[in-house]
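Notes follow the structure.
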Amino acid sequence: MEFWVPYGTTEVPVRVPDTNFYRILEPAKPAANTLDISTMMGKSIENPVGNISLSALVKQGSTIGIVVDPAIPETSLKTIVNDLQSRLSSLGAIEVRVFVRARHSSQIQSEWKKINPQEDTFVEVGRTTHGTRVSIEQGFHSCDVKILVGIIQPHFASSFAGGPDLVIPGVSSLPTIEANRSLSLNHQADPLRYSENTVYLDSLEASRMIGSTYLVTLVPDEWNGVSAIYSGDVEPTFKEAVSYFTREHSHPIENRPEIIVVSSDGPEYSSDLYHAVRVLPFLWNVLKRDASTIVLAGECKQGVGNDNFLRFSKNSEDRKTLQNELKHDFKLGGHVALLLKEALEKSRVQLVSVLPDVYTKSFGLKPSRTVSAGVQSAIRAEGKDSKVLIDTRGSLMIPVMHS
C-alpha cells in the first residue's frame, strides 16, 4: 500500500506491506460552512469568554500592546491584527503597538517591534510561586492594556501553546524563559493533562502579573486554516479553545502499534532537527511499551538548529545524566536534548531527513534515506507481524487509546 506524507514543503511516498498496515491518520476535510476570519473574529470579540470584554478594558486615550504568535498563518495573522487595530481605535485607543519575537522573521511587519530576549530592556514584575522571576519587555509592559494573539497547538514543554506562553516566552527576558522552561525537567508534557503542567501554570501566573490582559486565540483545522476563534479572559478562554482543539484533533485508536510513521509537518517543525523532534511526545500515549519504532519524517533543511541542543545531545550519554546536568546549569536547547533522550529510551527512532548520517547517528537516531526504507527497517527490527500507524500531521494530530 502506498500513502503520502508531508516532508518539508512537499510530500513523499511511504509504502507499507498490506499485512503490516494498521491505520493512517489524515486531515479531516474543513467544514463547508466555516466563516471567514473577520466574521469569526467579530463574533468572538462580541461574545467573550469569562468576565472581561475588550470594550470594558479599553478606555479613551489607552495605549494597547498586542503580542502575536508568528505560528499563525500569514493571511490570518494580518487580518486579525488589522481588525484589532480598527476596533481598538474605535474604542478610543490612541496608540496600538504590535510585538513579536525576533527569532521569527518571515511574517514580521516593518512597524512591528521585534523582541530580543537577550538585548531588549525588561521590567521585573514579580516572582511566581515556582520561583520564576518574571521580566517583561519594557515597551509592552508600559501599555495600559495587553492583548495576546495566539494559535492553539500541542507543545512539548507546556502541553499546549496559544495562551499564557505569549507572555513566557513571548515578551519575556532570557533568564525568565530559562527559569520557566527548566520546570519541564521533572515532568512529561501530556497534551491531555495540560492543566497539571508546571510550565503552563508558571506562564499563567506570569500573565496575571502584567495588568489588564485579553486573549485572542485561534483553533486551527488540519489544512492550515482556522476553524474557530475564542477571546476573553486568559485562563477560561484558553481552556475552552484547548477543549475544542482536543475534540477536533484527537484520533482514537484501538491497538498500540509497533511502528509509527510521523511527519514533522509544517515549516515551524520541519526546518531543523531541534524542532522536528518536538512531535515525538505526542505519540507516547499510544506507543507499544515493550518494543516500538518511530519513523520520523522531518526534512531538517536548515540543519540541527540549535548549538545547545547539539552540545547536550552529544556530551551526555543518557537521560538521567543530562537531567542532572541541566538541574545544575540549565540552558535553552538542553530541554529539547532531554526530550530526545527520553524518546530514545521509549523506542527506536529512525530519521528521514537531509542531514548527513554522521550527524543523525551522533544524536542516537538511525538514518533512513526514504520513509519507505525506514518502514522496512522498522519491520525487520520489530518483527514481520508488526503493525504500522501513519500520522500525517504530527504537529496537530493527537493519537489516543480508545477508552
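In the numbering used here, the protein residues as written are 624 to 1026. For each residue, glycine too, the CB sits at the ideal point set by N, CA and C. Predicted model only: the values in this text are computed from it and were never measured.
Quiz item: Do M663 and I852 have their CB atoms nearer than 8 Å?
Solution: yes
Self-check item: Secondary structure, alpha helix (DSSP H): runs of 4+ residues fully inside the region 788 to 868
Solution: 797 to 804, 821 to 830
Exercise. Would you please state the rounded distance, in angstroms, between the beta carbons of I1013 and V757? I believe it to be under 8 Å.
Key: Contact doesn't hold; Cβ gap of about 42 Å is too wide.
Practice problem: Please list, in chain order, all residues of the same chain as M624 whose beta carbon is under 8 Å from its beta carbon, the five residues on each side excluded. | Solution: R638, V639, P640, D641, F644
Quiz item: Taking contact to mean at least 3 C-beta pairs separated by less than 8 Å, is the region 769 to 787 in contact with the region 856 to 876?
Solution: yes
Quiz item: Can you tell me whether DSSP reads S728 as helix, strand or coil?
Solution: With a pLDDT of only 49 at S728, under 50, the local geometry of the prediction cannot be trusted, and no value is derived from it.
Quiz item: So S807 packs on H951, CB below 8 Å; how close in whole Å?
Solution: Contact flag wrong, Cβ pair sits at about 16 Å.
Quiz prompt | Residue of I917, K911, E742, L771 minimising C-alpha distance to E858 | solution = L771
Quiz item: Are three or more beta carbon pairs between the region 836 to 849 and the region 695 to 709 nearer than 8 Å?
Solution: yes
Quiz item: Can you list the alpha helix (DSSP H) stretches of 4 or more residues lying completely in the region 636 to 716, in chain order?
Solution: 660 to 669, 677 to 680, 697 to 713
Exercise. Look up Q925 in the DSSP assignment and say whether it is helix, strand or coil.
Key: coil
Quiz item: Within 10 angstroms of its Cβ, does Q973 collect 16 or more other Cβ (buried), or is it exposed?
Solution: buried
Quiz prompt | Per-residue burial, P636 [other beta carbons within 10 Å of its own, 16 or more giving buried] | solution = exposed
Quiz item: Got a sec, what are the start and stop residues for the alpha helix (DSSP H) T983 sits in?
Solution: 980 to 985
Quiz prompt | CA-to-CA distance, S1026 to F932, given in whole angstroms | solution = 37 Å
Self-check item: Separation of P1022 from S873, as counted between CA atoms
Solution: 6 Å
Quiz item: If you check the beta carbons only, do V918 and Y897 fall under 8 Å apart?
Solution: no
Exercise. List the whole-angstrom C-beta distance separating K1010 from P798, where the pair is believed to meet the contact cut-off of C-beta under 8 Å.
Key: Going by Cβ atoms, the distance from K1010 to P798 rounds to 47 Å, so no, they are not a contact pair.
Quiz item: Touching or not, the region 984 to 996 and the region 815 to 827, by the rule of three or more beta carbon pairs under 8 Å?
Solution: no
Quiz prompt | Beta-carbon contacts of D788 that lie in its chain and below 6 Å, excluding the five residues immediately before and after | solution = S781, S826
Quiz prompt | Bridge partner(s) assigned by DSSP for S1000 | solution = Paired residues: none, contrary to the question.
Quiz item: Do V691 and V721 have their C-beta atoms closer together than 8 Å?
Solution: yes
Exercise. Quick one: grab the DSSP three-state call for A784.
Key: strand
Quiz item: How about V975 and A920: are their beta carbons less than 8 Å apart?
Solution: yes
Quiz item: Using the rule of at least 16 other Cβ atoms within 10 Å of the residue's Cβ for burial, across every protein chain shown, is L677 buried or exposed?
Solution: buried
Exercise. Take the Cβ of S728 as the centre, count every other Cβ of all protein chains shown within 10 Å, and call the residue buried at 16 or more, exposed below.
Key: Summary for S728: the model assigns pLDDT 49, below 50, so the residue's position carries little reliability; its value from the coordinates is reported in the next sentence. With fewer than 16 Cβ atoms within 10 Å of its Cβ, S728 is classed as exposed.
Quiz item: Is it right to say T916 is buried, meaning 16 or more other beta carbons lie within 10 angstroms of its own, or is it exposed?
Solution: buried
Quiz prompt | Close-in-space but distant-in-sequence residues of the same chain around I809 (CB under 8 Å, 5 per side omitted) | solution = It should be pointed out that residue 809 corresponds to Asn in this sequence rather than to Ile. Counting only Cβ-Cβ distances below 8 Å, and skipping sequence neighbours, we find T821.
Exercise. Would you kindly report the start and end of the unbroken alpha helix (DSSP H) that includes Q741?
Key: Careful: Q741 lies outside any alpha helix (DSSP H) and carries neither H nor E.
Quiz item: With S699 and I660 assumed to form a contact (beta carbons below 8 Å), what rounded beta-carbon distance in angstroms separates them?
Solution: 5 Å
Exercise. Count the other CB atoms, across all protein chains shown, that sit within 10 Å of the CB of A654; report buried if there are 16 or more and exposed otherwise.
Key: exposed
Quiz item: Looking at A960 and the ligand ZN, is the gap between the Cβ and the nearest heavy atom below 7 Å?
Solution: With respect to small molecules bound, the structure shown includes none, and the ligand ZN cannot be examined in it.
Self-check item: Buried or exposed (CB count within 10 angstroms, at least 16 for buried), D941
Solution: exposed
Quiz item: Would R912 be called buried (16 or more neighbouring beta carbons within 10 Å of its own) or exposed?
Solution: exposed
Quiz item: Which runs of the alpha helix (DSSP H), 4 residues or longer, sit entirely within the region 921 to 971?
Solution: 930 to 938, 942 to 951, 957 to 969
Quiz item: So, is R870 buried or exposed, given that buried needs 16 or more other C-beta atoms within 10 angstroms?
Solution: exposed
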